[in-house]
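Chemist: These protein sequence lines are chains Y and F, in that order. Quick note: the first sequence, position 429, residue 429 per the numbering used here, numbers continuous. Every number in the numbering used here is 1000 more than the matching position in the second sequence, counting from 1.
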Amino acid sequence: MKITPIIGLEVHVELKTKSKMFCSCSAEHFHVDPNTHTCPTCLGLPGALPVPNKTACEWCLKLGLALGCTPNESSFFERKNYFYPDLSKGYQLTQYEKPFVVNGKIKVGDQEVRINRAHMEEDTGKSVHIKDNSQELTLIDYNRCGVPLVEIVSEPDITSPEMAKDYLLKMQQIIRYLGISDADIEKGSMRCEPTVNLKIEKDGQEFFTPLVEIKNVASLTGVQTAIDFEIKRQTEAFNQTGEVKSKTNKNTYGWDADKNQTFLQREKEGSSDYRYFPEPDIPHIEFTKAEIEAIKATIPELPDQKIERYKKDFALNDYDANLLASDFSFSQAFEKAIGQNPESAFVKFTANLFLGAIKTYLNESQKDLDINKINSKYFKNLFDSVSKSEISATVAKQVIVESYYIDQDPVEIAKNSGLIQVSDSSEIAKIAKEVINTNPKAVDDYKKNPASIGFLIGQLMKASKGSANPKLAKEILEKLLN
Amino acid sequence: MDLKSLTISQIQELLFSKQISAVEIVKFYLQRIKKLDPQIKSFITVTEKEALKQAENIDNRIKKGESVGKLAGAVMAVKDIFLTKDIQTTASSQVLKDYVPQYSSTIYQKLINEDAIVIGKTNTDPFAFGGSTENSGFFTTKNPWNLSKVPGGSSGGSAAAVAADFCQFALGTDTGGSIRLPASLCNISGLKPTYGLNSRYGITAMASSFDCPGVFAKNVSDLALVTEITAGIDPKDATTINNPVPNYSQILGDIDLKKLRIGIPKEYFIDPINIEVKEKVMKAAKLFESNGATLVDISLPSTKLGIAVYYILVPSEISANMARYDGIRFGRNTNNNPDITSYYMNTRGQYMEAEVKRRILIGTYALSSGYYDAYYTKASKVRTLIKNEFTNALKNVDVILAPVSPTVAWDIGAKANDPLQMYLVDAFTVCINVAGVPSVALPCGFDQTNLPIGFQLIGNFFEEAKILSIAHQYQQITDFHTNTPNL
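1. Check whether chain F comes within 8 Å of Y:Asp-33, counting only Cβ atoms and requiring the distance to be less than that.
2. For F:Gln-1473, name the three-state secondary structure that DSSP assigns.
3. Got a sec: which bits of the segment 1310-1339 of chain F sit with their beta carbon under 7 Å from any beta carbon on chain Y, in order along the chain?
4. Whose C-alpha, out of Y:Asn-469, Y:Lys-430, Y:Ala-468 and Y:Glu-478, is nearest the C-alpha of Y:Gly-453?
5. Which residue marks the beginning of the alpha helix (DSSP H) containing F:Arg-1324, and which one marks its end?
6. Distance cutoff 8 Å, beta carbons only. Does F:Gln-1088 sit that close to anything in chain Y?
7. Quick one: is F:Lys-1109 near chain Y, going by C-beta distance under 8 Å?
8. Could you give the residue range of the alpha helix (DSSP H) that holds F:Glu-1276?
9. Can you find a CB in chain F that lies within less than 8 Å of the CB of Y:Asp-132?
10. Report the neighbours of Y:Gly-68 on chain F: residues whose CB is nearer than 9 Å to its CB, in chain order.
11. Counting Cβ pairs, one atom from each stretch, are 3 or more of them under 8 Å apart for the segment 1146-1162 of chain F and the segment 1384-1393 of chain F?
12. Between F:Thr-1047 and F:Val-1100, how many whole angstroms is the CB-CB distance? I'm expecting something under 8 Å.
13. Enumerated in chain order, which unbroken segments of the alpha helix (DSSP H) with a length of 4 residues or greater are wholly contained in the segment 1075-1135 of chain F?
14. Got a sec: is the Cβ-Cβ distance from F:Leu-1361 to anything in chain Y below 8 Å?
15. Can you look up Y:Glu-186 in the DSSP assignment and give me helix, strand or coil?
16. In terms of residues, what are the limits of the alpha helix (DSSP H) holding F:Arg-1032?
17. Which residues in chain F sit within 9 Å of Y:Asn-81, going by Cβ to Cβ distance?
18. What in chain F is Cβ-close to Y:Tyr-91, meaning under 7 Å?
19. In angstroms, rounded to a whole number, what distance separates the CA positions of Y:Phe-330 and Y:Asp-184?
20. Check each candidate in Y:Lys-126, Y:Lys-306, Y:Gln-234 and Y:Ser-19 and name the one with the smallest Cα separation from Y:Phe-207.
21. Identify the continuous alpha helix (DSSP H) that holds Y:Pro-440 and give its terminal residues.
22. In angstroms, rounded to a whole number, what distance separates the CA positions of F:Leu-1036 and F:Gly-1156?
23. Quick check: the segment 8-23 of chain Y against the segment 146-161 of chain Y, are there 3 or more CB pairs under 8 Å?
24. Between the C-alpha atoms of Y:Ala-218 and Y:Cys-192, what's the straight-line distance to the nearest angstrom?
25. Taking a cut of 8 Å between CB atoms, which residues from the segment 1235-1258 of chain F lie near chain Y?
26. List, in order along the chain, the chain F residues whose C-beta lies closer than 7 Å to that of Y:Ile-282?
27. Who are Y:Cys-192's beta bridge partners in DSSP?
28. Since F:Gly-1190 sits in a beta bridge, which residues does DSSP pair it with?
29. Hey, is Y:Arg-144's beta-carbon within less than 8 Å of any beta-carbon in chain F?
30. Going along the chain, which residues of its own chain have a beta-carbon closer than 7 Å to the beta-carbon of F:Phe-1330, five neighbours each way excluded?
31. Mind checking F:Ser-1299: buried by the 16 CB within 10 Å criterion, or exposed?
32. Could you say which of Y:Glu-230, Y:Glu-475 and Y:Thr-394 lies nearest to Y:Asn-260 if we only look at CA atoms?
33. Using a Cβ-Cβ cutoff of 9 Å, what residues of the segment 46-65 of chain Y are near chain F? List them in chain order.
34. Would you kindly report the start and end of the unbroken beta strand (DSSP E) that includes F:Thr-1429?
35. Any chance the segment 273-291 of chain Y sits against the segment 49-66 of chain Y, with 3 or more Cβ pairs inside 8 Å?
36. Which of the three DSSP states is assigned to Y:His-37 in this structure?
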């Protein structure tokens, strides 16, 4: 029996526009007092009308173009009708027949995942279920109601839980490159609903298990474990019942992150009828060719292209290039540091600082890199000093962080702290003699075993407060001892 | 001072020459309302306090020599589906009984900003679903010309209020004839503007792609005066159009009747038209002819499909537009429901009027999967056809002249239990809404029982200036519109 998972992902991304999708309320809703960012339109009061947010529409188009999609000549919104208390109008404005963009693809590892569509819609409010004096209450916060959402629907080209995770990471990276959303899964600004079934080859026959849409997955690892669980569950279910996919047996399962398992939420999803029809309150939206070109021009170099360029132009290895390009602002800072037309040795040196000292500092301090504090001259000076052996690689790591912190030339910092490497033989010889005199036992050891010179070098480095050139120190010690 | 039958400009003349104060104007109408409205029942809410406060404010400014708005002294009644901040807005439905909105509709606010005085909120069919006001969740309005007759609807309260001289003008909405029909049955003038001329923001939605807010007045000149204030783009209504708004009232004489080509569509003069109505409307056409205009026989063959298209598309939009009335954020609700579905069903079931439910059901059905293409998609195609027929016809003629209502006002109750008969009263008005073009309704005579008859002049998109000008000139050579009911 051969099992191939067939996985498609629906990703919802909350755009970080200033205002909501169809009104001028602030779109901010994380840690905001309930129902303070509301108005007649997002509360669905009688007579209130939606007016589309132009920036949000443009950003949806921008994302679509970045995903290689084709824009529809004319798009329109539709009403998706269903009742739920946090859906104020009793219908959600979304796009069904004519989304802004269709038919794209992205690279995930060595594979390609086709994108079916990306469309614009609005978020719902939030229902909070509480218990008050043993009475169960549902409170509704409409701050999130009407926040712009882009839904990106993939084709079922994903074949493993790991690949699903990589797809999401790639999507997140592209979205962050575009600067249109925080795409934070934990905070809910990026949400993911996998649809999973299996192709089972058994006794020369092919079977497809019923489709399952998984809801409530709230973390990246959750996506992976939920899909993993679902693959196992469907395999077992197939072995027991032999049930295969039909037009009516698509089910919705919820993900329980505490129990690490999926559970049946709604059966026969296929039968629900949302009665979509074109939203009469909003005229059709058409982007001209010039407008599309203008939006295209705002798309920055995307991660794949950037990695290729780093490898080709700077001879960086695949691993480093990937790490440097992983975060847009980090890569921007790196590119600012290396300046125009850098030599590859300098690029390699700077890359090591970014991926080593700077990244460690950012992780430890939990701060974001401030590109304004990156000064290409400082990196160049530091590189020159290290090349001339004036500054050791160890000191370089130390001073670059301080330089970033206090905005001062790192070479100056090294000088002021006495961290300039001594490469003057007579100066080192003076210290070496002192070390030999004060460590007779180590000298004896060396005579028996020359490999033990390390101890004496260490003592010399210590006496020089780390400023001696270690290579030179070794040479001088050996000369004096032999 | 007897202000009966005075128009906006006549009243303003008295006000600005200090022969009368705004407070006196308001008191005159309040007195009439108190005396006569208990029989006519045009108002759901009389805004005595607000009106007097506004009037005092205007008087103070006039006294101090300060500037006042273009409609200072004009007293208006407002259909109760226009949201009016701090003033109860019921949409004539039990669903919104006692509902006090937090904001005002755009065009109401524009009129208030020009110092129009609001005297009250008028009765309508619930959410404007109907043609007689008989569907109202509260009571039926009577026709001031004959209290046993309907005033027409849905804006029947507004039409009756103008006809009964409870105000100088009134706001209404016309989704399938709801301004023109009651205007015609009550012997007043009414304008259904081009879709998108007047903002719909803050008016409970019936069918969003059809709804046209508009105005009733005693003559066309007043329609022009008010429309030049209400019209124009509204950043809160994405379907309003950014066209410059002409000063309609200043260009009413601009059309030369002698050069006019008037289309007479044969489909509007056949069954179900009443013989007396046909005669009076044709007489109006002949009057234009005798004043130099050319009458041109035209055909709008899809007219017969109008009602069918209308009663598929309109309920479809209604079914979604009514979803927000769930009793959760506003409006009335019910208690002790075991779950959310029962809450919805009991709340909506208890308070929505029969016609509201009927239209939700029709619309939900038409939009259902499996039926959508046969109903909604097909009807949308016919809609385009009807629209094209109007624009094509209007290439050869300046304006189309047609009756408004097939009959004069009918007895209260006569059609109340037969929804299909009731839907047919819109036979000559709905196509104009399906197309989205403007139409002005005005009086052209009376039948033998002294009930008013009206006709409409239909223009091309955004040609309000043209149809108002033609209508105004008709009123310069006729006096039907100056007749008032004996109350």
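For each residue, glycine too, the CB sits at the ideal point set by N, CA and C.
Modeler: Taking the definition as stated:
1. no
2. helix
3. Ser-1316, Glu-1317, Ala-1320, Ala-1323, Arg-1324, Asp-1326, Ile-1328, Arg-1329 and Phe-1330
4. The question names Gly, but residue 453 of chain Y is Ile in the sequence shown. It is Y:Glu-478.
5. Note, F:Arg-1324: premise wrong, no alpha helix (DSSP H); not H, not E.
6. no
7. It is Gln, not Lys, that sits at residue 1109 of chain F in the sequence shown. For F:Gln-1109, the answer is no, since every Cβ of chain Y falls outside 8 Å of its Cβ.
8. 1275-1290
9. no
10. By Cβ distance, chain F contributes nothing, its closest Cβ being about 30 Å from Y:Gly-68, past 9 Å.
11. no
12. Not really, about 12 Å apart at Cβ, beyond 8 Å.
13. 1106-1113
14. no
15. coil
16. 1022-1040
17. Ser-1319, Ala-1320, Ala-1323, Thr-1364 and Leu-1367
18. Ala-1320 and Ala-1323
19. 17 Å
20. Y:Gln-234
21. 440-448
22. 16 Å
23. yes
24. 8 Å
25. Pro-1235, Lys-1236, Asp-1237, Ala-1238 and Thr-1239
26. Ala-1238
27. Y:Val-11 and Y:Val-217
28. F:Phe-1216 and F:Ala-1441
29. no
30. Tyr-1099
31. exposed
32. Y:Glu-230
33. Pro-46, Gly-47, Ala-48, Leu-49, Pro-50, Val-51 and Pro-52
34. From DSSP, F:Thr-1429 is part of no beta strand (DSSP E); its letter is neither H nor E.
35. yes
36. coil
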